[in-house]
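Novice: Submitted below is the structure of interest, expressed as structure tokens.
There are 2 protein chains.
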Amino acid sequence: MTVTITDVAKKAGVSMKTVSRVMNNEPSVSKATREKVKAAARDLNYTPNLAARGLASSKSYLIAMLYDIPSPGYAINIQKGATRACREHGYHLIVEPLDTGEGSDYVEVVENLLGHLRVDGVILAPPLCDNGQVIRLLSQRNIAYIPIAPSTEHGEIPIVKMNDVRAAREMTEHLIRHGHKDIAFVKGHPRHSASALRYQGFREAMRASGIRINPAWITEGDFTYKSGVDAASKFLNDKECPSAVFASNDDMAAGVIALAARNGLSVPSDLSVVGFDDTPLADSVWPRLTTIRQPVEEMGYRAAKLLLSVDKNDDTIIHSLDHALIERESSGFFGIE
Amino acid sequence: MTVTITDVAKKAGVSMKTVSRVMNNEPSVSKATREKVKAAARDLNYTPNLAARGLASSKSYLIAMLYDIPSPGYAINIQKGATRACREHGYHLIVEPLDTGEGSDYVEVVENLLGHLRVDGVILAPPLCDNGQVIRLLSQRNIAYIPIAPSTEHGEIPIVKMNDVRAAREMTEHLIRHGHKDIAFVKGHPRHSASALRYQGFREAMRASGIRINPAWITEGDFTYKSGVDAASKFLNDKECPSAVFASNDDMAAGVIALAARNGLSVPSDLSVVGFDDTPLADSVWPRLTTIRQPVEEMGYRAAKLLLSVDKNDDTIIHSLDHALIERESSGFFGIE
DNA sequence: GTGAAAGCGCTAACAT
DNA sequence: ATGTTAGCGCTTTCAC
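Just so you know, the sequences run in chain order A and B.
Using the numbering used here, the first residue of the first sequence is number 7, and each one after it goes up by one.
Using the numbering used here, the first residue of the second sequence is number 7, and each one after it goes up by one.
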């Protein structure tokens with residue numbers, strides 16, 4: 007029925023083990039035998055049995071990505087990067103969307119998951135990267151994991167992140183350079199650690215330029231479009247209106263733009279608005295958003311690489327990847343100056 | 007080290023096989039032994055080894071989802087539904103984003119993939135569901151697959167879809183009911199079969215109402231925002247302007263809205279715009295888009311269920327799931343009538 | 001209702 | 001550079 011390694015061995019006139027060596031690209035096989043085996047495998051349409059490999063080697067050739075991310079683009083891009091790394095190592099990526107919503111219990115879900123499955127590693131995307139219980143569960147079971155964009159360091163365990171503080175600082179400086187002093191800030195979801203970091207970057211840049219922050223213009227959102235609308239409605243009705251708004255992500259920035267439009271404010275000539283993340287949305291609203299491009303796919307790639315790589319020479323703990331400020335029309339590309 | 011079925015058997019004072027029976031919820035075990043075994047497993051923190059199970063039962067407990075979808079929200083939602091079904095059956099979902107771009111060769115990628123891995127089934131999301139080579143490859147290797155939203159039937163193989171034609175017809179009728187006769191249509195990417203179906207629905211509704219279609223207002227897009235802008239620029243400059251635009255997806259509809267705004271047209275009072283898909287974007291632009299909600303997560307769930315279910319009583323071939331017309335401000339929720 | 005033995009397809013450890 | 005043997009942890013088959 008199904009073709010096994012023995013069939014290939016028979017056809018190629020070598021031992022099982024030699025076939026195994028060829029399939030795993032192990033060194034000590036002569037070029038001639040290697041070719042012979044490869045040809046036989048191709049002829050027979052042989053595909054190795056993951057389960058058998060896994061059982062024999064006590065590896066699973068599987069890594070999992072756990073996430074509960076509101077933004078589909080973010081999740082998909084991490085997956086893209088992670089699968090790219092997996093392919094380089096003969097691994098595969100299992101996805102486990104948690105989607106448990108607010109205040110719900112990740113642990114139960116994760117526990118149930120691990121009850122079925124042994125993976126060789128886990129990528130923890132936000133906000134799971136900051137969930138103490140989940141992390142305890144993983145270390146308890148001795149499962150390797152890499153947190154993506156966690157709020158704190160994880161001891162010896164490498165983490166993959168971008169520099170949210172610096173990026174927010176750069177964005178704020180960008181606004182200041184364009185002549186803005188009256189800048190409002192919309193914070194992100196308190197559960198996501200990036201929220202605090204982005205706010206911190208904003209404050210640092212303001213302080214460095216000696217600009218006073220108006221507390222009435224600091225509002226709390228939750229990364230959704232609607233929360234951007236709500237936030238904007240708090241400060242866009244005042245007599246004292248900011249000249250620029252820095253929203254902690256693109257969705258909220260889009261909300262701010264929408265409310266501005268409703269209030270008859272023209273962006274960017276009356277009001278500059280900037281976002282964060284460079285999701286597809288940033289390029290899909292009008293005016294298009296000035297924003298920070300996160301290296302999301304690269305983060306997924308790097309995280310998977312760290313899980314899979316045997317190259318233990320690199321003992322870097324913090325893998326901080328580069329972001330980029332993408333300047334578009336929403337921040338006074340024309341108009342203000 | 008790792009706890010095995012033998013450890014549990016020893017602790018519970020029964021045979022390996024009995025433990026196996028309990029773990030698999032097989033019937034013929036006395037209630038007492040069942041409880042004893044369960045307790046032992048819990049105490050020992052036992053988790054079955056997927057690889058061993060797979061090897062012994064010649065199942066992998068894995069299904070894969072192959073996709074190359076431009077829209078992250080769509081892909082993520084299929085994943086959500088599919089993993090939900092997987093959890094009900096002790097399975098896991100492997101994702102394989104193809105992302106090969108235009109005109110590139112899926113077969114090579116898929117072949118390489120199957121070379122590593124034996125999955126118990128494959129979900130083919132658009133546009134792979136229509137790729138003859140990929141499908142041939144799968145049937146050749148005797149791998150079960152379910153196409154999501156394919157353009158044609160697949161013989162005996164069940165397919166999961168929504169009724170694009172009917173949905174487009176309903177949307178068109180919605181516009182007509184609101185008094186529109188001068189309706190422009192922006193087609194989708196020619197590679198995606200849904201494009202033709204949606205256009206067909208539009209034509210059917212127009213014909214049924216005896217409204218002539220103005221050929222100058224039928225344009226071809228490719229599902230991107232930019233193509234919506236481009237399409238709109240073709241008919242929004244004419245003296246003869248349509249009063250409504252039906253774009254084949256939300257991204258293009260957003261593009262139409264953006265161009266309308268630039269041209270000083272107010273949506274919906276000067277121009278109604280409707281989309282298709284109900285992606286997050288639909289709710290994030292201003293005015294918010296009237297659109298068709300696809301049952302995407304349900305499609306993922308159903309596809310996985312079909313792959314996993316042993317319930318062969320149901321021999322339905324075409325699983326056509328319900329859509330919904332979501333009415334928001336972009337189509338004259340107020341204003342026109 | 002329960003158990004013993006065999007074997008799934010592969011790799012590890014040790015030959016040669 | 002190649003082969004032999006044992007065994008990974010489970011399910012299957014067939015006993016009892």
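Virtual Cβ for every residue (Gly too), placed ideally from N, Cα, C.
(1) Should A/P156 be labelled buried (16 or more other beta-carbon atoms within 10 Å of its own) or exposed?
(2) Determine, for B/K86, whether the minimum Cβ-Cβ distance to residues of chain A falls below 8 Å.
(3) From the beta carbon of A/G79, is the nearest beta carbon of chain B less than 8 Å away?
(4) Starting from B/V101, find everything on chain A with Cβ-Cβ shorter than 7 Å and list it in chain order.
(5) Can A/G96 and B/H186 be called in contact, C-beta distance under 8 Å?
(6) Name the two residues that bound the continuous alpha helix (DSSP H) containing A/P78.
(7) Using three-state DSSP, classify A/F191 as helix, strand or coil.
(8) Of all Cβ atoms in chain B, is any one closer than 8 Å to the Cβ of A/A15?
(9) Could you tell me how far apart the beta carbons of B/R204 and B/A174 are, in whole angstroms, since I believe they sit closer than 8 Å?
(10) Under 8 Å by Cβ, that's how I've got B/F208 and B/A222 pegged, so tell me the actual separation to the nearest angstrom.
(11) Three-state secondary structure (DSSP) at B/E102?
(12) To the nearest angstrom, report how far apart A/E114 and A/I11 are at their CA atoms.
(13) Would you say A/W292 faces chain B, with C-beta separation under 8 Å as the test?
(14) Only counting the same chain, and skipping five residues up and downstream in sequence, which positions put a Cβ closer than 7 Å to that of B/A88?
(15) Starting from B/L123, find everything on chain A with Cβ-Cβ shorter than 7 Å and list it in chain order.
(16) Please report the distance separating the alpha-carbon of B/I163 from that of A/P54.
(17) Give the DSSP bridge partners of B/H160, in chain order.
(18) Any C-beta of chain A sitting closer than 8 Å to the C-beta of B/L61?
(19) Using 8 Å as the cut-off, can you tell me whether the stretch 51-66 of chain A makes contact with the stretch 75-89 of chain A, which would need three or more C-beta pairs spanning the two stretches below that distance?
(20) Alpha carbon to alpha carbon, how far is B/T39 from A/A288?
(21) Could you give the C-beta distance for A/G338 and A/H184, rounded to a whole number, given that I count them as a contact under 8 Å?
(22) For B/I298, which of B/P274, B/L327 and B/D321 has the nearest alpha-carbon?
(23) Is the separation between the beta-carbon of B/I69 and that of B/L265 shorter than 8 Å?
(24) Can the beta-carbon of A/P133 be found less than 8 Å from the beta-carbon of A/H198?
(25) Per the DSSP calculation, A/L72 is bridged to which residue(s)?
(26) Would you decide whether A/N255 is buried or exposed? Buried here means 16 or more other CB atoms lie within 10 Å of its CB.
(27) Run down chain A in chain order and give the residues with a C-beta less than 7 Å from the C-beta of B/R321.
(28) Give the DSSP-derived three-state secondary structure of B/H184 in the structure shown.
(29) Closer than 7 Å between beta carbons: that is the criterion. Which residues of the stretch 239-261 of chain A meet it against chain B?
(30) May I ask you to report which of helix, strand or coil DSSP gives A/A150?
(31) Kindly provide the ranges of any beta strand (DSSP E) runs that are 3 or more residues long and lie completely inside the stretch 196-232 of chain B, ordered along the chain.
(32) List the residues of chain A whose Cβ lies closer than 9 Å to the Cβ of B/T53, in chain order.
(33) Determine which residues share a DSSP beta bridge with A/S278 and list them.
(34) With burial defined as no fewer than 16 other Cβ atoms inside 10 Å of the residue's Cβ, what is the status of A/F340: buried or exposed?
(35) Considering only their Cβ atoms, is the gap separating A/V14 from A/V43 smaller than 8 Å?
(36) With a threshold of 8 Å between beta-carbons, can A/D136 be considered close to chain B, or not?
Specialist: From the atom records:
(1) Within the first sequence, residue 156 of chain A is the residue found at index 150, counting from 1. With 16 or more other Cβ atoms from the protein chains shown falling within 10 Å of its own Cβ, A/P156 counts as buried.
(2) On the second sequence, residue 86 of chain B is found 80 positions in, with the first residue counted as 1. Output row for B/K86: interface = yes.
(3) By one-based count along the first sequence, residue 79 of chain A stands at place 73. Contact with chain B is found for A/G79, since one of that chain's Cβ atoms lies less than 8 Å from the residue's Cβ.
(4) Stepping through the second sequence from its first residue, residue 101 of chain B is reached at position 95. What B/V101 touches in chain A, judged by beta-carbon distance under 7 Å, is Q85, T89, L99 and V101, going in chain order.
(5) Counting from 1 along the first sequence, the entry for residue 96 of chain A is found at position 90. Counting from 1 along the second sequence, the entry for residue 186 of chain B is found at position 180. At a Cβ-Cβ threshold of 8 Å, A/G96 and B/H186 do not count as neighbours.
(6) Counting from 1 along the first sequence, the entry for residue 78 of chain A is found at position 72. That run of the alpha helix (DSSP H) goes P78 to E94.
(7) Stepping through the first sequence from its first residue, residue 191 of chain A is reached at position 185. In the three-state reduction of the DSSP assignment, A/F191 falls in the strand class, which pools E and B.
(8) Indexing the first sequence from 1 puts residue 15 of chain A at position 9. Nearest CB-CB separation between A/A15 and chain B: not below the 8 Å threshold.
(9) In the second sequence, residue 204 of chain B corresponds to position 198, counting from 1. In the second sequence, residue 174 of chain B corresponds to position 168, counting from 1. Their Cβ separation, rounded to whole angstroms, is 4 Å, which keeps B/R204 and B/A174 in contact under 8 Å.
(10) Position 202 of the second sequence, counted from the first residue, corresponds to residue 208 of chain B. Position 216 of the second sequence, counted from the first residue, corresponds to residue 222 of chain B. The C-beta distance from B/F208 to B/A222 rounds to 15 Å, too long to meet the 8 Å contact threshold.
(11) Here the question's residue 102 of chain B lines up with position 96 in the second sequence. Residue state, collapsed to three classes: strand.
(12) The sequence position of residue 114 of chain A within the first sequence is 108, counting from 1. The sequence position of residue 11 of chain A within the first sequence is 5, counting from 1. Each residue's Cα considered, the two are about 40 Å apart.
(13) Looking up residue 292 of chain A in the first sequence gives position 286. Yes, its Cβ sits closer than 8 Å to a Cβ of chain B.
(14) Translated into the one-based positions of the second sequence, residue 88 of chain B becomes position 82. Excluding residues up to 5 positions away in sequence, M71, L99, I129, G306, Y307, A309 and A310 lie with their Cβ nearer than 7 Å to the Cβ of B/A88 in the same chain.
(15) Reading the second sequence from its first residue, position 117 is the one you call residue 123 of chain B. Neighbours of B/L123 on chain A, chain order: L56 and H98.
(16) For the purposes of this step, residue 163 of chain B is identified with residue 157 of the second sequence, where counting begins at 1. For the purposes of this step, residue 54 of chain A is identified with residue 48 of the first sequence, where counting begins at 1. Looking at the backbone, the Cα of B/I163 and that of A/P54 are separated by about 27 Å.
(17) For the purposes of this step, residue 160 of chain B is taken as residue 154 along the second sequence, with counting starting at 1. Per DSSP, the beta bridge partners of B/H160 are B/I163.
(18) Stepping through the second sequence from its first residue, residue 61 of chain B is reached at position 55. Answer yes: the Cβ-Cβ gap between B/L61 and chain A drops below 8 Å somewhere.
(19) By the Cβ criterion, the stretch 51-66 of chain A is not in contact with the stretch 75-89 of chain A, since fewer than three pairs of Cβ atoms, one from each stretch, lie closer than 8 Å.
(20) Residue numbering aside, residue 39 of chain B sits at position 33 when the second sequence is read from its first letter. Residue numbering aside, residue 288 of chain A sits at position 282 when the first sequence is read from its first letter. When the Cα atoms are used, B/T39 and A/A288 turn out to be separated by approximately 60 Å.
(21) Residue numbering aside, residue 338 of chain A sits at position 332 when the first sequence is read from its first letter. Residue numbering aside, residue 184 of chain A sits at position 178 when the first sequence is read from its first letter. Their Cβ separation, rounded to whole angstroms, is 5 Å, which keeps A/G338 and A/H184 in contact under 8 Å.
(22) Position 292 of the second sequence holds residue 298 of chain B. Residue B/L327 is the option with its Cα nearest to B/I298.
(23) For the purposes of this step, residue 69 of chain B is taken as the residue at position 63 of the second sequence. For the purposes of this step, residue 265 of chain B is taken as the residue at position 259 of the second sequence. With respect to B/L265, B/I69 sits apart: the two C-beta atoms are not nearer than 8 Å.
(24) Taking the first sequence and counting its residues from 1, one reaches residue 133 of chain A at position 127. Taking the first sequence and counting its residues from 1, one reaches residue 198 of chain A at position 192. Yes, Cβ-Cβ distance for A/P133 and A/H198 is below 8 Å.
(25) The sequence position of residue 72 of chain A within the first sequence is 66, counting from 1. In the DSSP assignment, A/L72 forms a beta bridge with A/E102 and A/L130.
(26) Position 249 of the first sequence holds residue 255 of chain A. Looking at its Cβ environment, which holds 16 or more other Cβ atoms inside 10 Å, A/N255 is buried.
(27) Residue numbering aside, residue 321 of chain B sits at position 315 when the second sequence is read from its first letter. Reading off the sequence shown, one finds Asp at residue 321 of chain B, where the question assumed Arg. None at all; the shortest Cβ gap to chain A is about 26 Å.
(28) To locate residue 184 of chain B, count along the second sequence from 1; it is residue 178. Note: B/H184 maps to coil in three-state DSSP.
(29) For the stretch 239-261 of chain A, the beta-carbon criterion of a distance under 7 Å to any beta-carbon of chain B is satisfied by D257 and A260.
(30) Taking the first sequence and counting its residues from 1, one reaches residue 150 of chain A at position 144. Residue state, collapsed to three classes: coil.
(31) Within the stretch 196-232 of chain B, the complete beta strand (DSSP E) runs of at least 3 residues are 224-226.
(32) Counted from its first residue, the second sequence places residue 53 of chain B at position 47. Near B/T53 (Cβ distances below 9 Å), the residues of chain A are L120, G121, H122, L123, R124 and R147.
(33) Stepping through the first sequence from its first residue, residue 278 of chain A is reached at position 272. A/S278 is bridged to A/A250.
(34) Sequence index remark: in the first sequence, residue 340 of chain A carries index 334 (1-based). With a pLDDT of only 47 at A/F340, under 50, the local geometry of the prediction cannot be trusted, and no value is derived from it.
(35) Translated into positions along the first sequence, residue 43 of chain A becomes position 37. Translated into positions along the first sequence, residue 14 of chain A becomes position 8. Result yes, Cβ atoms of A/V43 and A/V14 sit closer than 8 Å.
(36) Start at 1 with the first residue of the first sequence, and residue 136 of chain A comes out as number 130. For A/D136, no CB of chain B lies under 8 Å from its own CB, so it is not counted at the interface with that chain.
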